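See below:
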């Protein structure tokens with residue numbers, strides 16, 4: 002993209018963030034959609050020729066089949082431009098693809114009898130739904146999952162590195178039982194890993210069954226062919242999940258499931274961005290300073306958590322779109338309305354913003370370093386968090402009103418190491434239990450956090 006084109010782009014995905022979404026451009030661009038349609042049309046023609054019951058279409062020899070597949074595999078932007086040129090006459094994008102294929106095959110004597118079997122018995126939605134399913138599968142498997150895996154791997158490494166680094170928890174924003182930096186990151190790793198497996202395991206449904214899903218044209222032309230079985234073999238041969246019951250359109254429930262899964266991933270990452278933002282504000286993390294960078298146009302000292310803010314904003318845009326797709330696409334008036342057509346064209350925008358968010362998040366994580374001194378200072382100023390430990394040991398040994406005693410001692414009070422130890426000294430506890438509590442500090446009171454972090 003030229004500099005002027007980027008400056009004049011309506012969407013930041015084609016301007017400011019263009020280089021961050023290059024991997025999605027071959028998938029979700031108009032060229033990507035046309036390319037997918039050509040592939041489906043040619044695979045359908047090949048499948049028809051291989052069906053013994055379709056006697057008017059002779060099986061293709063290896064060279065002819067190779068030529069058809071080469072047309073799909075070598076499909077170029079110049080080819081897309083030709084399809085769009087045809088569309089200016091047809092005013093129908095899928096019919097333009099059909100005419101393009103016939104145009105490219107008409108000079109081959111071996112293929113001349115096959116020309117009218119291009120798009121045979123198909124409605125446009127037969128081609129479109131399979132094309133979008135292939136596009137979504139490629140975007141998920143080749144682009145989004147590897148990028149998500151990179152974020153998970155970065156977080157897992159951080160969880161292991163900081164597994165034993167104690168940190169004050171802040172439930173409801175108030176001091177709470179200590180944890181470790183690594184364990185808090187491990188929580189995110191576990192959540193993301195689960196949603197990653199859900200996302201990766203979702204089937205991509207597809208259908209090819211005619212104008213209203215009943216094989217009407219198929220049966221009237223070739224009543225002896227088992228069309229549902231043929232349809233299933235074809236769809237599964239594309240690596241998709243066969244959808245046997247539809248109206249004119251595949252119902253898009255699978256796309257809604259994919260969007261919901263992407264939305265959950267993004268929501269977890271928004272949660273992470275906000276937490277890291279807060280920890281940077283508290284000084285628990287430092288950010289690497291890049292030479293020449295400016296944090297504020299007026300305050301020279303600032304190093305803002307801009308990568309996490311950028312990621313949060315882009316995940317939010319992506320989720321607004323994913324939410325709309327999941328709510329809108331499964332709804333169609335009667336056997337078909339066209340509202341899904343324009344909405345489907347925006348799928349790439351949602352995935353693009355999610356991809357920008359992932360890139361910004363990885364960049365931000367790469368700038369972080371823990372600040373043990375600040376973490377230790379907060380812990381040493383919060384001896385009241387040991388009230389949980391003390392009252393729990395008192396419960397074990399049957400001392401009266403343990404919770405109430407600790408509540409009176411600590412709630413709203415400034416507790417120091419000396420005052421907490423003085424309280425423990427006065428308890429009628431076995432010597433070993435008392436000694437264990439006296440030796441305890443907020444930094445030591447982290448339970449199994451380090452072990453859990455290392456196992457993530």
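Numbering (the numbering used here), first residue to last: 2 to 457.
Cβ atoms here follow ideal geometry from the backbone N, Cα and C, with glycine treated the same way.
In this text, all values refer to a predicted model and were calculated from it rather than measured experimentally.
Three-state secondary structure assigned by DSSP to residue i
i: residue 207; result: strand
i: residue 11; result: coil
i: residue 183; result: helix
i: residue 178; result: strand
i: residue 19; result: helix
i: residue 77; result: coil
i: residue 371; result: strand
i: residue 228; result: helix
i: residue 442; result: coil
i: residue 132; result: helix
i: residue 335; result: coil
i: residue 30; result: coil
i: residue 453; result: helix
Best match in the options for proximity to residue i [C-alpha to C-alpha]
i: residue 386; options: 124, 445 and 364; result: 445
i: residue 96; options: 291, 127, 9 and 66; result: 127
i: residue 182; options: 334, 204, 357 and 380; result: 380
i: residue 207; options: 431, 242, 59 and 336; result: 242
i: residue 26; options: 431, 155, 168 and 140; result: 140
i: residue 38; options: 135, 256, 414 and 329; result: 135
i: residue 252; options: 133, 383 and 91; result: 133
i: residue 396; options: 266, 370, 449 and 434; result: 434
i: residue 36; options: 369, 84, 376 and 180; result: 84
i: residue 18; options: 443, 442, 457 and 357; result: 357
i: residue 334; options: 62, 213 and 107; result: 213
i: residue 110; options: 143, 157, 61 and 150; result: 61
i: residue 291; options: 308, 283 and 278; result: 308
i: residue 262; options: 306, 368, 137 and 340; result: 137
i: residue 47; options: 224, 156, 239 and 196; result: 239
i: residue 280; options: 191, 70, 325 and 185; result: 185
i: residue 421; options: 432, 226, 413 and 438; result: 438
i: residue 232; options: 142, 429, 51 and 415; result: 51
i: residue 265; options: 367, 57 and 324; result: 324
i: residue 55; options: 180, 30 and 219; result: 219
i: residue 284; options: 361, 268, 369 and 419; result: 369
i: residue 383; options: 355, 414, 276 and 440; result: 414
i: residue 154; options: 125, 187 and 123; result: 187
i: residue 31; options: 129, 255, 270 and 192; result: 129
i: residue 428; options: 399, 443 and 442; result: 399
i: residue 174; options: 90, 276 and 14; result: 276
i: residue 374; options: 286, 345, 405 and 267; result: 286
Residue interval of the alpha helix (DSSP H) (run including residue i)
i: residue 363; result: 348-368
i: residue 278; result: 254-283
i: residue 406; result: 403-411
i: residue 314; result: 307-329
i: residue 392; result: 388-397
i: residue 115; result: Note, residue 115: premise wrong, no alpha helix (DSSP H); not H, not E.
i: residue 424; result: 418-426
i: residue 94; result: 94-106
i: residue 141; result: Per DSSP, residue 141 belongs to no alpha helix (DSSP H) and is neither H nor E.
i: residue 162; result: 146-162
i: residue 345; result: 340-345
i: residue 220; result: 217-222
Residue span of the beta strand (DSSP E) that contains residue i, given as start and end
i: residue 167; result: 167-170
i: residue 287; result: 286-288
Supposed contact pair residue j and residue i - C-beta distance, whole angstroms, cut 8 Å
i: residue 453; j: residue 152; result: Not quite, the Cβ-Cβ distance comes to about 20 Å (not below 8 Å), so this is no contact.
i: residue 249; j: residue 337; result: 4 Å
i: residue 479; j: residue 312; result: With the chain covering only 2 through 457, there is no way to say anything about residue 479.
i: residue 274; j: residue 327; result: Not a contact, Cβ separation roughly 22 Å.
i: residue 166; j: residue 376; result: 7 Å
i: residue 257; j: residue 331; result: 5 Å
i: residue 180; j: residue 450; result: 5 Å
i: residue 457; j: residue 160; result: 5 Å
i: residue 210; j: residue 247; result: 6 Å
i: residue 255; j: residue 224; result: With a Cβ gap of about 31 Å, residue 255 and residue 224 do not count as contacting.
Any non-hydrogen atom of the ligand MG closer than 7 Å to residue i Cβ
i: residue 169; result: Of the ligands one can find in the structure shown there are none, so the ligand MG has no counterpart to examine.
Does the region 42-53 touch the region 115-124, meaning 3 or more C-beta pairs lie closer than 8 Å?
yes
Touching by the beta-carbon criterion (3+ pairs, under 8 Å), the region 309-318 and the region 350-367
yes
Does the region 63-78 come close enough to the region 8-26 that 3 or more CB-CB pairs lie under 8 Å?
no
Meets three-Cβ-pair contact criterion under 8 Å: the region 407-415 and the region 197-214
no
Cβ contact check for the region 230-247 and the region 164-180: 3 or more pairs under 8 Å
no
Should the region 4-16 be called in touch with the region 99-110, which here means at least 3 C-beta pairs below 8 Å?
no
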